[in-house]
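Numbering (the numbering used here), first residue to last: 2 to 287. Backbone N, C-alpha and C define an ideal beta-carbon position, used for all residues, glycine too. One structure below.
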């Protein structure tokens, strides 16, 4: 099979890498230019389009889109994407989402009647040892993503916490000041005043005990208009980091995520059985 993966926005490089791994038994073409992907489509069996932002100047690229092979569009935010890009979504043969819960939501709301696939944004290949007892809250400290106020009563002085992210705006500074007060009371909390370098970020997550995400829901989608719900209509970075590093994922919304369900070998089988086999049959005219 000739498979293309288009990611021209550079927002989801991790997802591109995951798809590339899943498809590695085939000829894989990676595109970062829309026009190049369109020109090459005739020689492809399948094209994944990873990102179309729900913004007018981005969607203009796809209004005249005429597929020349099977196409799958990744949906990142269900409510936002279906309310802003409905006509564009219709042009694709199928859609994909990173979580089964998102697929269930789309089916329940009857938003889409073609094939819906699930492809994870992150794959699990290795369990990193818990070298310390650190509990990590990863990601920028910003108000619209996470509610840190839900954490204070869950902490005790025997824990070692790390807020692994840059503080954003007034809310971020307020959280840092509260952390300082907690430290004065004898709690162990590590914070950062600025951007966390990738090597430090990676090392902390490799060696931590668990990943905690106090998700704020509903939250706003990319265009800041429509409500999205973590675990139902969109995913969050902490979920994928728990998969990548093989860590327990703890959240305040009762979202279940087991990194053992994201093994590369299983998703390769899924591609062959659920996606490529269907394409082979459709080419025969069935």
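Asked: Flag this pair as yes or no: are the beta carbons of residue 289 and residue 84 separated by less than 8 Å?; Found: As shown, the chain starts at 2 and ends at 287. That puts residue 289 outside it, with no answer to give.
Asked: With distances taken from CA atoms, which of 21, 230, 224 is nearest residue 272?; Found: 21
Asked: Taking the alpha carbon of residue 266 as the point to measure from, which residue in 125, 34, 218 has its own alpha carbon closest?; Found: 125
Asked: List the residues that DSSP assigns as beta-bridge partners of residue 125.; Found: 264
Asked: CB-CB under 6 Å to residue 75, same chain, minus the five flanking residues each way: which ones, in chain order?; Found: 51, 97
Asked: Tell me which residue opens and which closes the beta strand (DSSP E) that residue 223 is part of.; Found: Here residue 223 belongs to no beta strand (DSSP E), and DSSP marks it neither H nor E.
Asked: Evaluate the contact criterion for the segment 163-183 versus the segment 92-110: three or more CB pairs, one atom per stretch, below 8 Å.; Found: no
Asked: Cβ of residue 1 within 8 Å of Cβ of residue 228?; Found: Lying before the first or after the last residue shown, residue 1 is absent from the chain, which here runs from 2 to 287.
Asked: Look up residue 292 in the DSSP assignment and say whether it is helix, strand or coil.; Found: With the chain represented from 2 up to 287, any question about residue 292 goes unanswered, as that position is not in the structure.
Asked: Which class does residue 78 belong to by DSSP, given the choice of helix, strand or coil?; Found: coil
Asked: List the residues that DSSP assigns as beta-bridge partners of residue 139.; Found: 165
Asked: Can you find a heavy atom of the ligand GTP that lies under 7 Å from the Cβ of residue 180?; Found: The ligand GTP is not part of this structure, which contains no ligands at all.
Asked: Identify, in the order they occur along the chain, each residue of the same chain with its Cβ nearer than 8 Å to the Cβ of residue 261, setting aside the five sequence neighbours on each side.; Found: 125
Asked: Ignore the nearest five residues each way along the sequence and tell me which others in residue 158's own chain have a CB closer than 7 Å to its CB.; Found: 187, 188
Asked: Taking the DSSP output, what are the residues bridged to residue 211?; Found: 136, 249
Asked: Can you find the residues in the same chain that come closer than 8 Å, C-beta to C-beta, to residue 174, ignoring five residues on each side of it along the sequence?; Found: 168
Asked: Using beta-carbon positions only, say whether residue 78 and residue 234 come within less than 8 Å of one another.; Found: yes
Asked: So, with DSSP's three-state summary, where would you put residue 270?; Found: helix
Asked: Is residue 128 buried or exposed, if buried means 16 or more other CB atoms sit within 10 Å of its CB?; Found: exposed
Asked: Run through DSSP, which three-state label would residue 181 get?; Found: helix
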